[in-house]
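A.B. asks: Residue numbering for the sequence shown follows numbering that gives the first Met the number 0, starting at 0 and increasing by one per position.
A virtual CB, placed ideally from N, CA and C, is assigned to each residue, including glycine.
Here you go, one structure.
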Amino acid sequence: MTSKMRLYLHRMQAVDSAVCVTVSHTSQYRVIRDVFRVVSRLGDGVFWYTLMAAILVIQQTDGIQPFLHMALAGATGTLVYKWLKLKTLRPRPYQVRQDVWVAGKALDHFSFPSGHTLHAVVFGLIAITYYPMLSIILIPFMMMVAMSRVILGLHYPSDVVAGATIGYFIVLLSYQFV
0 MTSKMRLYLH RMQAVDSAVC VTVSHTSQYR VIRDVFRVVS RLGDGVFWYT LMAAILVIQQ
60 TDGIQPFLHM ALAGATGTLV YKWLKLKTLR PRPYQVRQDV WVAGKALDHF SFPSGHTLHA
120 VVFGLIAITY YPMLSIILIP FMMMVAMSRV ILGLHYPSDV VAGATIGYFI VLLSYQFV
């Protein structure tokens with residue numbers, strides 16, 4: 000790696016870290032902290048599994064394909080993000096910087112990529128593909144899940160961007176099999 004590349008990566012890491020600190024400090028406001036804790040908890044699977052169950056109940060046999068599509072892509076996302084976390088071993092921001100305010104509970108030890116964001120993109124985009132009218136609810140919710148991870152001090156912005164990008168590519172790949 001060239002010295003220019005190392006310098007660029009160092010600067011990007013510094014910006015990533017500084018944004019993380021600044022955004023995590025918004026959790027000092029109770030309303031922000033409480034709203035994003037709820038969003039994060041719902042994004043932990045509760046919202047997505049409820050949506051999948053609702054699709055089955057409301058759509059019945061027509062809901063089987065979207066349900067299975069979401070389930071298989073979600074399982075793929077879990078395998079990918081867990082593998083990446085074990086390969087990268089990136090510590091969470093609050094483990095590295097004392098000035099990051101942690102206001103949520105981490106589900107595992109490592110930061111990269113954001114599994115919440117990855118799954119929000121996977122489940123949200125697949126659901127929108129089958130039911131475009133849900134976009135008015137799902138797009139803001141997906142964005143709030145991603146934001147919650149940085150606001151709660153659990154991820155760097157780059158973890159969230161990586162999770163969203165990986166989720167998007169899992170969705171694209173999943174359409175090769177449906």
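1. Going by DSSP, which residues form a beta bridge with residue 109?
2. Given this structure, state the Cα-to-Cα distance separating residue 73 from residue 165, to the nearest angstrom.
3. Just tell me which of 99, 1, 69, 64 has its CA closest to the CA of residue 150.
4. Can we say the stretch 52–62 touches the stretch 76–92, given the rule of at least three CB pairs closer than 8 Å?
5. With distances taken Cα to Cα, identify the nearest neighbour of residue 54 among 140, 68, 30, 138.
6. Rounding to the nearest angstrom, what Cα-Cα distance links residue 9 and residue 52 in this structure?
7. Taking DSSP as the reference, what is the three-state secondary structure of residue 116?
8. With residue 47 as the anchor, note down where its alpha helix (DSSP H) starts and where it stops.
9. Determine the extent of the alpha helix (DSSP H) in which residue 171 is found, giving its start and end residues.
10. If I follow the unbroken alpha helix (DSSP H) through residue 96, where does it start and stop?
11. Would the beta-carbon of residue 116 fall within 8 Å of that of residue 162?
12. Would you decide whether residue 29 is buried or exposed? Buried here means 16 or more other CB atoms lie within 10 Å of its CB.
13. What are the boundary residues of the alpha helix (DSSP H) that includes residue 24?
14. Cα separation between residue 37 and residue 169?
15. What does the alpha-carbon distance come out to for the pair residue 7 and residue 103?
16. What does the alpha-carbon distance come out to for the pair residue 11 and residue 63?
17. Use the C-beta contact count for residue 158: other C-beta atoms within 10 angstroms, 16 or more gives buried, fewer gives exposed.
C.D. replies: Let's see:
1. The residue you call residue 109 lines up with position 110 of the sequence shown. Answer is 90.
2. Reading the sequence shown from its first residue, position 74 is the one you call residue 73. Reading the sequence shown from its first residue, position 166 is the one you call residue 165. Cα to Cα, residue 73 sits roughly 12 Å from residue 165.
3. One-based indexing of the sequence shown puts residue 150 at position 151. Cα-wise, what sits closest to residue 150 is 99.
4. no
5. Stepping through the sequence shown from its first residue, residue 54 is reached at position 55. Of the candidates 140, 68, 30, 138, the one whose C-alpha sits nearest the C-alpha of residue 54 is 68.
6. The residue given as residue 9 occupies position 10 in the sequence shown. The residue given as residue 52 occupies position 53 in the sequence shown. Each residue's Cα considered, the two are about 45 Å apart.
7. As a first step, residue 116 must be located in the sequence shown, where it is residue number 117. Helix.
8. As a first step, residue 47 must be located in the sequence shown, where it is residue number 48. Here the alpha helix (DSSP H) through residue 47 covers 46–58.
9. Residue 171 sits at position 172 when you count from the first residue of the sequence shown. Unbroken alpha helix (DSSP H) run through residue 171: 156–173.
10. In the sequence shown, counting from the first residue as 1, residue 96 sits at position 97. First-last for residue 96: undefined, no H or E at that position.
11. In the sequence shown, residue 116 corresponds to position 117, counting from 1. In the sequence shown, residue 162 corresponds to position 163, counting from 1. Closer than 8 Å, so yes.
12. The residue you call residue 29 lines up with position 30 of the sequence shown. Residue 29 is exposed by the Cβ-count criterion.
13. Reading the sequence shown from its first residue, position 25 is the one you call residue 24. Note, residue 24: premise wrong, no alpha helix (DSSP H); not H, not E.
14. Here residue 37 corresponds to residue number 38 of the sequence shown, with the count starting at 1. Here residue 169 corresponds to residue number 170 of the sequence shown, with the count starting at 1. So the alpha carbons of these two residues sit roughly 26 Å apart.
15. Locating residue 7 in the sequence shown gives position 8, where the first residue counts as 1. Locating residue 103 in the sequence shown gives position 104, where the first residue counts as 1. The alpha-carbon atoms of residue 7 and residue 103 are separated by roughly 31 Å.
16. Looking up residue 11 in the sequence shown gives position 12. Looking up residue 63 in the sequence shown gives position 64. Straight-line Cα distance between these residues: approximately 44 Å.
17. Start at 1 with the first residue of the sequence shown, and residue 158 comes out as number 159. When all chains shown are included, residue 158 counts as buried.
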